[in-house]
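Have a look at the structure below before the remarks.
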Amino acid sequence: MVLHFWRYLQRCDARVIVPEDRAFNLPEGWWSDPVRFQLERRAIFSQTWICVSHRGRFRSPGDYVVYDIAGFRILMILGKDMVVRSFHNVCRHRAFPVARKQSGSATILGCRYHGWSYNTEGRLIKAPYFDNLTGFDKSLNSLFEIYTKQDSRGFLHINVSRDEGLPATAPVAGLEMDKLEKTGPDIELLESIEFSGNFNWKVIRRSIRHIASNCVQFHEFSPSIPEEGPSSIGELLSFPLTTVHTMFDRPFWYQLTYSPVAVDQTNLRCDVYINSPKGSFNLDGAAMNFLEKGIQQRLLAFEYQYKQLITSRDEAIGNSNQAKIADAVEMHWRQEAVRGFEIKPAALKQQNGDAKLSKADRSK
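In full-length UniProt numbering, the protein residues as written are 1 to 364.
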């Protein structure tokens with residue numbers, strides 16, 4: 001059966017749970033200061049659990065996807081033990097990418113610089129010219145692993161902080177909400193599309209109510225599937241970068257993950273999933289075109305709002321979502337002020353030292 005996705009896209013009663021707004025004065029440069037953006041990167045994206053994907057995207061051992069989240073290049077891969085792990089997509093030798101494609105399937109991933117190869121658990125299994133180097137230890141040169149947790153709904157959360165105490169804070173209950181009742185671990189990916197917009201990422205958090213009333217909505221798609229009363233779209237907001245849109249009586253739902261690139265640029269990835277067997281339905285070209293146009297309209301709306309914010313008095317007024325961000329940034333800034341230097345929770349450190357590696361490079 002071909003699913004005519006465009007027939008979904010009709011007006012429906014949207015019921016969305018959103019936090020109550022409260023106005024407060026925003027700090028100077030909230031929307032346009034690149035220095036503040038870097039502070040947000042250290043305060044939030046470097047140490048916050050972020051929902052970035054779903055288990056349904058990974059079907060066979062070796063399936064991998066490379067994501068860019070706020071400047072962090074992340075490799076997510078399914079191991080032979082059927083566990084999804086995440087790593088920084090950089091070789092431990094010279095920091096070249098280990099996975100060069102955006103997605104694929106391989107149980108061994110190798111860097112093209114000098115042939116260092118890693119398995120699905122991130123362990124270094126091959127290092128030409130280095131095996132006989134005195135003091136070189138493969139076990140100390142695994143990929144830099146990123147904390148990853150799968151919740152009860154199958155959503156995958158990551159935290160790039162190097163803090164060893166983080167696992168205890170990981171989300172395990174799942175994105176619980178009645179409208180997500182059919183988003184379990186046994187889901188399949190249909191499509192993944194990416195976009196880019198010229199706006200500050202915080203516009204998304206400011207515009208929750210706008211998103212809720214203007215999101216791409218799903219409705220009736222086939223006369224062979226009976227209507228079971230009014231159909232409502234559900235939207236779940238997962239701080240700080242993710243929204244999930246679904247209908248509790250329809251097989252399709254999609255996840256939007258935003259990625260801040262700069263103070264005035266944000267990328268967006270849309271992953272469309274199906275609850276039913278993947279072969280049962282297909283998205284036709286018209287359907288995907290409609291979906292893409294809907295998301296592009298959303299980004300254009302964000303860009304328009306951003307221009308208005310940086311040129312009007314509204315720039316100084318925020319809501320409860322902005323307050324949550326401001327509180328986190330303020331707390332981190334105070335810690336940096338006390339210590340007298342920038343605190344980078346996600347900073348990576350070489351364990352083996354560059355001197356030994358350079359020696360092996362010269363011996364080739």
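Note that beta-carbon positions come from the ideal geometry of N, C-alpha and C, so glycine has one too.
Here the structure is a predicted model, which means the values were calculated and not measured.
Worksheet item: Would you report the Cα separation of P61 and F239, rounded to the nearest angstrom?
Response: 30 Å
Practice prompt. Could you tell me the boundaries of the alpha helix (DSSP H) in which M82 lies?
Written response: Note, M82: premise wrong, no alpha helix (DSSP H); not H, not E.
Worksheet item: Looking only at its own chain, which residues have a Cβ that is under 6 Å from the Cβ of K349, when we skip the five neighbours before and after it?
Response: none
Worksheet item: Nearest CA to the CA of V52: which residue from P34, N25, V35, V84?
Response: V84
Discussion item. How far does the alpha helix (DSSP H) with A43 in it extend, from its first residue to its last?
Written reply: That residue, A43, is in no alpha helix (DSSP H); it is neither H nor E in DSSP.
Worksheet item: Using CA coordinates, which residue listed in H54, R42, L256 is at the minimum distance from G154?
Response: H54
Discussion item. So for T311, helix, strand or coil by DSSP?
Written reply: coil
Worksheet entry | Nearest-angstrom Cβ-Cβ length linking N321 and R206, presumed shorter than 8 Å | 7 Å
Worksheet item: Run through DSSP, which three-state label would P345 get?
Response: coil
Item to complete: Kindly give me the distance between the Cβ atoms of A70 and S259, rounded to whole angstroms, as I take these residues to be in contact under 8 Å.
Response: 6 Å
Worksheet item: Can you check whether the CB of E303 is closer than 8 Å to the CB of G197?
Response: yes
Item to complete: Could you give the DSSP three-state label for Y304: helix, strand or coil?
Response: helix
Fill in: Span of the alpha helix (DSSP H) around R339
320-339
Worksheet item: Expressed to the nearest angstrom, what Euclidean distance is found between the alpha-carbon atoms of residue 367 and Q47?
Response: Residue 367 falls outside the range modelled here, since the chain spans only 1 to 364, and no answer is possible.
Practice prompt. Below 8 Å on the Cβ atoms is my guess for Y306 versus F144; work out the distance and round it to an integer in Å.
Written response: Not quite, the Cβ-Cβ distance comes to about 34 Å (not below 8 Å), so this is no contact.
Item to complete: Could you check which residue in N159, E191, L300, N289 has the C-alpha nearest to that of I204?
Response: L300
Discussion item. Please report the straight-line C-alpha distance between S117 and K101, rounded to a whole angstrom.
Written reply: 16 Å
Worksheet entry | Selection from L268, L124, V66 that minimises the alpha carbon distance to F136 | L124
Discussion item. Run through the DSSP bridge pairs and tell me what K149 is partnered with.
Written reply: H157
Practice prompt. Work out the CA separation of K149 and L156 for me, nearest whole Å.
Written response: 6 Å
Worksheet item: Between V263 and S32, which are expected to be in contact by the criterion C-beta below 8 Å, what is the C-beta distance as a whole number of angstroms?
Response: 6 Å
Worksheet item: Can you check whether the CB of L189 is closer than 8 Å to the CB of G79?
Response: no
Fill in: Selection from R73, T134, R92 that minimises the alpha carbon distance to S86
R73
Discussion item. Using the Cβ count rule (16 or more neighbours within 10 Å means buried), how would you classify F24?
Written reply: exposed
Fill in: Nearest-angstrom Cα separation, counted from V90 out to R298
33 Å
Worksheet item: By DSSP, does V203 sit in helix, in strand, or in coil?
Response: helix
Worksheet item: Would you call I108 buried or exposed, if buried means 16 or more other Cβ atoms sit within 10 Å of its Cβ?
Response: exposed
Discussion item. Counting C-beta neighbours from all protein chains within 10 Å, is the total for L309 16 or more, i.e. buried, or is it exposed?
Written reply: buried
Fill in: Per DSSP, cross-strand counterpart(s) of S238
T242
Worksheet item: Looking only at C-alpha atoms, which of N267, G340, V338 sits nearest to D68?
Response: N267
Item to complete: Mark T246 as exposed unless 16 or more other C-beta atoms lie within 10 angstroms of its C-beta, in which case mark it buried.
Response: buried
Discussion item. Please give the ranges of any beta strand (DSSP E) in the UniProt domain "Rieske" (61-136), keeping only runs that are unbroken, at least 3 residues long and fully inside the region.
Written reply: 63-69, 72-78, 84-88, 103-105, 108-110, 117-119, 124-126
Fill in: With 16 other Cβ atoms within 10 Å as the buried cut-off, status of L140
exposed
Worksheet item: Quick one: is Q255 buried, meaning 16 or more other Cβ sit within 10 Å of its Cβ, or exposed?
Response: buried
Item to complete: Pull up the distance between the alpha-carbon of F290 and that of R92, whole angstroms please.
Response: 43 Å
Discussion item. Beta-carbon within less than 7 Å of A328's beta-carbon, same chain only, minus the 5 sequence neighbours each way: which residues are those?
Written reply: A43, I44
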